[in-house]
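All residue numbers for the sequence shown refer to numbering that gives the first Met the number 0, where the first residue is 0 and numbers rise by one. First comes the structure, then the notes that go with it.
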Amino acid sequence: MIALINEIISNRTLLIVGAWYGLPITVALIVLFLIKSSRDERGRAIIGKASIIAMIVFILLVNGFAKLSSHITVNYITTACCIQWIYDIVLTVEVVAILIYKKLE
């Protein structure tokens with residue numbers, strides 16, 4: 000299992016895909032922050048709830064990477080790939096949480 004994870008995160012193509020995926024998801028999050036409905040009290044509450052969920056996911060992923068790094072070869076590609084995908088996953092969770100909370104309220 001560790002060998003498979005090491006192969007996946009040592010892949011340069013996956014790093015590039017993660018970097019390109021990070022651009023639109025970052026733009027989407029910025030747009031969600033700046034739209035008019037996010038500026039009132041309910042919008043700020045939605046962003047706050049989504050940010051708490053994203054922070055919990057971030058803590059879990061970073062701790063997972065810390066535990067995993069003792070079992071894999073750590074070099075530039077693996078570190079950059081892990082950081083990039085942690086960023087992408089956290090932003091995706093935040094965007095999805097904002098959209099779900101907006102739909103519910």
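Every residue gets a Cβ at the ideal spot worked out from N, C-alpha and C, and that includes glycine.
Supposed close pair Thr78, Ser9 - CB separation, criterion 8 Å: The Cβ separation is near 10 Å, so there is no contact.
Distance, Ala49 Cα to Ile97 Cα: As the crow flies, the alpha-carbon of Ile97 is around 6 Å from that of Ala49.
Reduced DSSP secondary structure (H/G/I, E/B, other) of Met54: Helix at Met54.
Val92 (DSSP reduced to helix, strand or coil): Three-state result, Val92: helix.
Assigned exposure category for Ala65 - 16 Cβ within 10 Å defines buried: Classification for Ala65: exposed.
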